[in-house]
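Here it is in structure tokens:
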């Protein structure tokens, strides 16, 4: 799937989505009333097309893109295993756990995000239609649902 197809799917399928495009990358936020301040918006998906922010995926290749999805902790653990945590903090060891086990340049493979895996983000480079239909579609649903839940909790505190 290309960037346009992915973006179209997200914006046409999920309610309350704002898209911000910057430096050729697309950032998808849950902002149902279009009134959430920029520093409080809940990003749940990104499409990255360059190595500006990290060089793990070699995105400077022709037509390369990386779809990044923020999923729940339990789903993340079910995909990649639960890390042993030396401290009481979940984020302390997740991105380092077996990071050498992943080829972050590999195409069409769901893997922990090379930087934000510790925050339960996954990624896939140049996903195929099959990977989208069998795996990614459900991860997008979960990511959107999580953003909706977080938004409701934030709104209740305001």
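Residue numbers (the working numbering): 20 to 177. For each residue, glycine too, the CB sits at the ideal point set by N, CA and C.
Per-residue DSSP class, three states only, for residue i
i: residue 136; result: helix
i: residue 110; result: Residue confidence for residue 110 is low, a pLDDT of 42 falling below 50, so the modelled location carries little weight; the figure read from the coordinates is stated next. DSSP places residue 110 in helix when its eight states are reduced to three.
i: residue 65; result: strand
i: residue 131; result: strand
i: residue 126; result: strand
i: residue 97; result: helix
i: residue 115; result: Only weak support is given to the placement of residue 115: the predicted model assigns it a pLDDT of 46, under 50, and the value that follows is read from those uncertain coordinates. Coil at residue 115, not helix or strand.
i: residue 70; result: coil
i: residue 151; result: helix
Whether residue i touches residue j by CB criterion (8 Å)
i: residue 197; j: residue 45; result: Only positions 20 to 177 of the chain appear in the structure, and residue 197 is not among them; the question remains open.
i: residue 92; j: residue 63; result: no
i: residue 71; j: residue 42; result: yes
i: residue 78; j: residue 143; result: no
First through last residue of the beta strand (DSSP E) which encompasses residue i
i: residue 45; result: 44–49
Bridge partners - residue i, DSSP secondary structure assignment
i: residue 37; result: 48
i: residue 89; result: 140
i: residue 84; result: Partner(s): none; residue 84 has no beta bridge.
Opening and closing residue of the alpha helix (DSSP H) in which residue i lies
i: residue 174; result: 156–176
i: residue 29; result: 22–32
Nearest-angstrom beta carbon gap, residue j and residue i [assumed within contact, 8 Å]
i: residue 162; j: residue 90; result: 6 Å
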